[in-house]
Amino acid sequence: MIAYLDKLNMESKNAVPPEKLIEDLKLSEEQNGPSQSHCSNVDSPQTAKGGASQLPESEAKEEDDLFHDCNDSFASGMVEKNNNVETEGAASSETQTEPDEKYLLELEKDIPEEEKQKRRNESTKLKEEGNEQFKKGEYKEAEDSYAKALQICPACYNTERSILYSNRAAARMKQDKKDVAITDCSIALELNPNYIKALLRRAELYEKTEKLDEALEDYKNVLEKDPSIHLAREACMRLPRQIEERNEKLKHEMLGKLKDLGNLVLRPFGLSTDNFQVKQDSSSGSYSINFVQNPSNNNR
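This note's numbering puts the first residue of the sequence shown at -17, with every later residue one more than the last.
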């Protein structure tokens, strides 16, 4: 018991992820990017100071016009719960696994370059339609347009596909589809690891879904790529405190459950956890346990 509490105190200091703490609560329950391939006629994205990938000027401007601030993706246009009921088929289509990019590249290896360029142009038109729908607040229609564009756009065009995934993530954020939006951001980053907009978007999504450790990691990565981004800097100052408070809360909840379990085991012997006093050494942080025969008398 002492060793376990010592371990618990050490984990709290090291900001252990909540998943580990939750696993410890179970006690007596059952123990239980793709390669950057490019078509011959596609230029590699230039890298700006700080490592940020720079899209062609027209595409970068278009992205800024649409989604200049990740906060806007949640601030307005959120679909109310009563209006967010979807059919079973639609829900299954959103949660289905996206095709692997390497697998798509293998399938397309024999497609002529002319055909690939044609498909690229068709996907660009669909993306532009999605952008217009997004501006009008038609977020479901925009999501569908980006999805169709992804079905057409050849896998060798990494930059174009990363933009499509990031844009679809923005449309899904507007509909409060956080989990699938996170998936889209992750794929966009696999295709273009320096895509700061997708990284910021995923960081905010992680924070909205209370995955604070993952959010902090993404914000740190943003600052490594571009130290001038104030949103990431502010989050890196704010989140560590929130993570510490969350872990402390989880620790107290776990101690309460341990006490309940201890009382269950000790009750047949006429004892309870009150018979054992736990004290923490202020210098080392370790715990010691003393047995008290009459805890009620000891408190007088």
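Glycine included, C-beta positions come from ideal geometry on N, C-alpha and C.
When C-alpha distances from E199 are compared across K179, T191, S268 and L221, the shortest belongs to L221. For N176, the three-state secondary structure derived from DSSP is coil. In the structure shown, the three-state DSSP call for V274 is coil. In this structure, the straight-line span from the alpha carbon of D158 to that of R150 is close to 12 Å. Membership of Q262 in the beta strand (DSSP E) is indicated by the continuous run F258 to Q262. Per DSSP, the continuous alpha helix (DSSP H) segment holding G244 begins and ends at H212 to L248. When the beta-carbon positions are compared, T165 and A131 stay at least 9 Å from each other.
By the Cβ rule, the stretch 203 to 211 counts as touching the stretch 172 to 185, because three or more pairs are nearer than 8 Å.
Cβ atoms of A153 and E125 come within 8 Å of each other, at about 4 Å. The three-state reading of DSSP puts Y139 in coil, since its state is none of H, G, I, E or B.
Around C218, the same chain offers L198, Y201, K202 and L205 as residues with beta carbons nearer than 8 Å, after the five sequence neighbours per side are excluded. Burial state of F273 is exposed, judged by a 10 Å Cβ sphere holding fewer than 16 other Cβ atoms. G267 and N276 have their C-alpha atoms spaced approximately 27 Å apart.
Per the coordinates, the alpha-carbon of T191 lies some 7 Å from the alpha-carbon of K160. Cβ contact annotation for Y188 (same chain, cutoff 6 Å, sequence separation greater than five): E196 and A197, in chain order.
Annotated as distal: P136 and R184, with beta-carbon spacing of 9 Å or more.
Check the Cα spacing between E123 and each of M155, I134 and E111: the tightest is with E111.
Listed in chain order, the non-local C-beta contacts of S144 below 6 Å within the same chain comprise A170, L173, N174 and Y177, local neighbours out to five positions each way being set aside. The beta-bridge partner set that DSSP reports for Y269 consists of Q262. Approximately 16 Å separates the beta-carbon atoms of E95 and I134; this is outside 8 Å, ruling out the contact. Judged by DSSP in its simplified three-state form, S254 adopts coil rather than helix or strand. Around the beta carbon of Y121, 16 or more other beta carbons lie within 10 angstroms, which makes this residue buried.
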